[in-house]
Every structure is written in structure tokens, then in C-alpha cells.
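For reference, the structure discussed in these notes is given below.
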Amino acid sequence: MCSLKNIKNIQMKINQILLAICILLVAGINRLDAQGCAPAPSADDDGAKIIGFIQPQFEVKQLEDGGMSSSFTFNRARIGITGNIPYDVQYYAIVEASQFKKGPFLLDAFVSYTRFPFAKISVGQFKSPFTLEMSRPCNALHTIYRATIVNTLVAPDRDLGLMVSGSLFADKLSYAFALTNGVGLRNIFDTEDTGYDNNHGKTFHSRVQVSPLGFLKVGGGVQYGTHKSIVEDSDKEDSRFRWAVDLQTKFVVFNRDFEVIGEYVAGADKGSYVAGGGGCGGDPVIVEGDLNRNGYYVTAMYKILDNLQPLFRFESYNYDPTSSKGVDYTMIGGLNYWLNDNTRIQANYFYRAEKRLEKPNDEFTIQFQAIF
1 MCSLKNIKNI QMKINQILLA ICILLVAGIN RLDAQGCAPA PSADDDGAKI
51 IGFIQPQFEV KQLEDGGMSS SFTFNRARIG ITGNIPYDVQ YYAIVEASQF
101 KKGPFLLDAF VSYTRFPFAK ISVGQFKSPF TLEMSRPCNA LHTIYRATIV
151 NTLVAPDRDL GLMVSGSLFA DKLSYAFALT NGVGLRNIFD TEDTGYDNNH
201 GKTFHSRVQV SPLGFLKVGG GVQYGTHKSI VEDSDKEDSR FRWAVDLQTK
251 FVVFNRDFEV IGEYVAGADK GSYVAGGGGC GGDPVIVEGD LNRNGYYVTA
301 MYKILDNLQP LFRFESYNYD PTSSKGVDYT MIGGLNYWLN DNTRIQANYF
351 YRAEKRLEKP NDEFTIQFQA IF
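Below, the structure written as C-alpha cells:
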């Protein structure tokens, strides 16, 4: 007789096989030279369209024992489907095969009613509309990884819920508001994951951006919610509050685009909190207790050629505001090179400096990205 554990394992394997078959069948229907994490399809487009991207990379890291490690790996590998249903309905679903988790998992899956450009309504699992850099598609990031403060405080970065978004005044004002479960990704391939909210509280996410001048954009957002403790066997509820402000400027210098982007994020956790590692499929690091944290990043970029862009980023992550030494700094020197619209090579060197205890943890990573 099969045990319950064996039955669950068999069910999980069947789910994964069915997913692979569905992807292969859909791939035979159509192909789209668009981005994974793509913008919504045009209202004139009919039928299903395949979207996705892969990001193989090579990384060299310093180790705390004084040694070095090097490895070929994948940062992300995603495939999905998007399209329109007459009239004014769009659907979008993305699956990720992450190096951090066993087997594929559902990253995004939502349906949108798009009748009114000033108020698009989406229901399903989607990226939380909070902070500038988290709102940016993973295949359009200026650096290989998001800033430490963004990866650490924007958790969960995806959730199940309802979102209303849109733009007004010829796109001078854009907004997104969402109400979600607050428990993060729903993994349809995990038989232990029921997908239901685990308490009565919900999480509110928001982001608003204004463009008063052609070269200037200013944005900000708030995130707040209560949820069941992320610490196992705890009967207490956690609360989470975040706020962020950002600024983007773009000038033409010697007939080339010079761009500066900055963002500040702060937050307070009560009960337990995520100490990093949860972005884009990674397993979060969970800590019990109360904590305030804040940080910022500033990125400067200049296109010296149409397809070549050097950049520099400075990051500050204050994980312990009660101490003058509770700050980590990261400086990134990078180069972005586009072979064409759908392929890009990124090279980043990460110099990391810890104020409390300096340790060897610098990194060099080069990534090749292909969008289909």
C-alpha cells in the first residue's frame, strides 16, 4: 500500500509532467519576440503568445576563508503565455525554473479587465506594486541584481490578490493599488501549499509616480499588512510597514542619454521578519523579533554608444539603526552591452564593505540574457 507521502510525491511529479506538456503544446501555437515580465499585449493582438527569457551567467566570489569560488549558473529562466480575450480581457501567466527551488513554480498568473486605461483591474498572482526597482521587469534591470534594500524589504515580492492600476493626464500620473493575502507566492506544485490566506488580515500595496517635467519622474509608495507569523509554531501575528520614495532623471549629454536613478526604502517589522534572500524565487531568511531597517541606492548610467552603457551604483543598507556600525555598503561598477533588442550581456563587479565587521565577499558576475 502506498503511503501518504508517496502519493503526494507521485501527485507532484504528475503536476510537473502536465505542466511540461502544456508548455510544449502552447509553444507550437505561437511565438513572441517580446519580454518575459512583458508589458500587456496590444489590444489588436489575437491569440496566445509565448513570452520568456533565460539568464545564464558566470560568477566569481570571494569566500570568508580567503579562498575563491567560481561557477556557471542560471539567475532566472522563465517561460509563459499572454494574450487577449474579446473584449477587453487580458491574461498573463509565467512559470520559473529557479536554481533555488526544486522543480518549476508558478510566478505570475492573473487576468485583467482593460476597458478603461485609467483603471485596469487585475486578479490573481502578481508582483507587488511597491518601489521603483521592484516594479521594473527582471530582464530590464540596470544591474544584474536588485539593490539589497529592495530585495530585503519588499517581501513578499509577489502575492495573490486584487490590483487596480492606470494612468492619467497623458501618462503624467500613474498609479497602482493592490490588496493581497500577504503570504507570498502560491506554489501549485507543492502539495502542502493550500493557497489559502492563513489569517484574516490583508496587505495593502501602493505605488504612485508623477512626471512633472520631461526629464524628471518622482514616485513613492506604501505597504502595510498583518499576517500569520512566518516563524514555525508561533501563534502570534506579524505586522509589516514599508514606505519608499524615488527619483529618476534623464539628460542628453553630447547627444547621449545620461540617467540618474535614486530610491530610499524604510520599514518596520513586528513579530518576525525576512532578512533577505527572498527575491525572484530565492528562499527567504527568516528571523524572529522586531526590527526597523532602511537603505537607499543611487545609480548613474551613460550610453557612450547606442548599445554600450557603463554604470556605477552606490548602495547603503542600514540593518540596525540603533548602532552607528549597523550599515553595509555596496559599490557596483558595471557594463551593459546589447547585441540586439532581445539579447544583452551584463558585467558587474560588486565591492561590498561592512561597517561592523569587514569580510571578503566581493563578486564579479557576467550574465548573458536572451528574450523570446
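Quick note: the sequence shown uses the numbering used here, first residue 1, plus one each step. We put the beta carbon where it would ideally sit given N, CA and C, even for glycine. This structure is a prediction, so every number in the text was calculated from the model and none was measured.
*Kindly indicate the opening and closing residues of the alpha helix (DSSP H) around Val150.*
Counting along the chain, the alpha helix (DSSP H) containing Val150 begins and ends at Thr148 to Leu153.
*Can you name the residues that DSSP bridges to Glu64?*
Checking the DSSP bridge columns, you'll see Glu64 has no partner listed.
*What does a CB cutoff of less than 6 Å around Gln55 pick up in its chain, not counting 5 residues either side in sequence?*
The beta carbon of Gln55 sits closer than 6 Å to those of Asn75, Arg76, Gln367 and Gln369, all from its chain and outside the five residues before and after it, given in chain order.
_Buried or exposed by the 16-neighbour rule on C-beta atoms within 10 Å, applied to Tyr351_ = An exposed status is given to Tyr351, since fewer than 16 other beta-carbon atoms sit within 10 Å of its beta-carbon.
*Straight-line gap, Ala34 to Ile81 (C-alpha atoms, nearest Å)*: Below a pLDDT of 50, predicted positions are generally treated as unreliable, and Ala34, at 32, falls in that range; the measurement from the model is reported next regardless. If you draw a straight line from the Cα of Ala34 to the Cα of Ile81, it comes to about 11 Å.
*Does DSSP put Asn139 in a helix, in a strand, or in coil?*
Helix.
_Touch test, the region 104-111 against the region 324-340, Cβ-Cβ under 8 Å, three pairs minimum_ = Counting Cβ pairs under 8 Å, fewer than three are found: no touch.
*Would you mind listing the beta strand (DSSP E) stretches within the region 235-269 that are 3+ residues and don't spill past its ends, in chain order?*
List check, beta strand (DSSP E) in window: 237-253.
*Just how far apart, CA to CA, sit Phe58 and Asp235?*
If you take the alpha carbons of Phe58 and Asp235, they lie about 43 Å apart.
_Environment of Pro156 [buried if 16+ CB atoms lie within 10 Å]_ = That one is buried.
*asked:* Could you check whether the region 85-100 touches the region 61-68, counting it as contact only if at least three pairs of C-beta atoms, one from each stretch, sit closer than 8 Å?
replied: The answer is no - the region 61-68 does not touch the region 85-100, with fewer than three Cβ pairs under 8 Å.
*How about the region 195-206 and the region 160-178: do they share at least three Cβ pairs that are nearer than 8 Å?*
Yes, they touch.
*Taking the DSSP output, what are the residues bridged to Phe340?*
According to the sequence as given, residue 340 is Asn; it is not Phe. Bridge partners of Asn340: Thr343.
*For Met68, count neighbouring C-beta atoms within 10 Å of its own C-beta (all shown protein chains included) and say buried if the count is 16 or more, exposed if not.*
Counting Cβ neighbours within 10 Å, Met68 comes out exposed, since fewer than 16 surround it.
*Identify whether Glu133 lies in helix, strand or coil by the three-state DSSP scheme.*
Reduced to three states, the DSSP call for Glu133 is helix.
_Taking its Cβ as the centre, do 16 or more other Cβ atoms sit within 10 Å of Lys217, making it buried, or is it exposed?_
Buried, since its Cβ has 16 or more Cβ neighbours within 10 Å.
*Who are the Cβ neighbours of Ala147 in its own chain at under 7 Å, not counting the five residues just before and after it?*
By the criterion of a C-beta distance shorter than 7 Å, Ala147 is surrounded in its chain by Glu133, Tyr297 and Glu315, once the five residues flanking it on both sides are discounted.
_Integer-rounded CB distance, given that Gly220 should sit under 8 Å from Val183_ = About 25 Å separates the CB atoms of Val183 and Gly220; that is not less than 8 Å, and the two are not in contact.
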